[in-house]
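Report on the structure given below.
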Amino acid sequence: MQVYPIEKEQEQEKESKQEKEQDKEQEQEKEQEKEQQKKQEQKEQKEEEEEEEEEQQKSKGEEILVDDEQVIREEQVNE
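Going by this note's numbering, the first residue of the sequence shown is number 182, and it counts up by one from there.
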């Protein structure tokens, strides 16, 4: 009955290998999730920056409009 322990040992080694592979896969999944999260954060940050830039452009545009209105009023007053 020497065969039994060897089979048992092989079975344990097999399970151990499977567990290691599962751990590896889980690690890879975690890494992928981190990458996805990083990309998402970068995307959100980029969108925020673009929105801020748009706001600045709008406020600059509004300032220009105000200047134009003042010029128009001054021209009307001068006529």
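Idealized CB from N, CA, C, for every residue including glycine.
query: To the nearest angstrom, how far is it from the Cα of Glu236 to the Cα of Glu222?; result: 21 Å
query: In angstroms with no decimal places, state the Cα-to-Cα distance between Glu229 and Lys189.; result: 59 Å
query: Entirely within the region 201-246 and at least 3 residues each: give me those beta strand (DSSP E) ranges in chain order.; result: none
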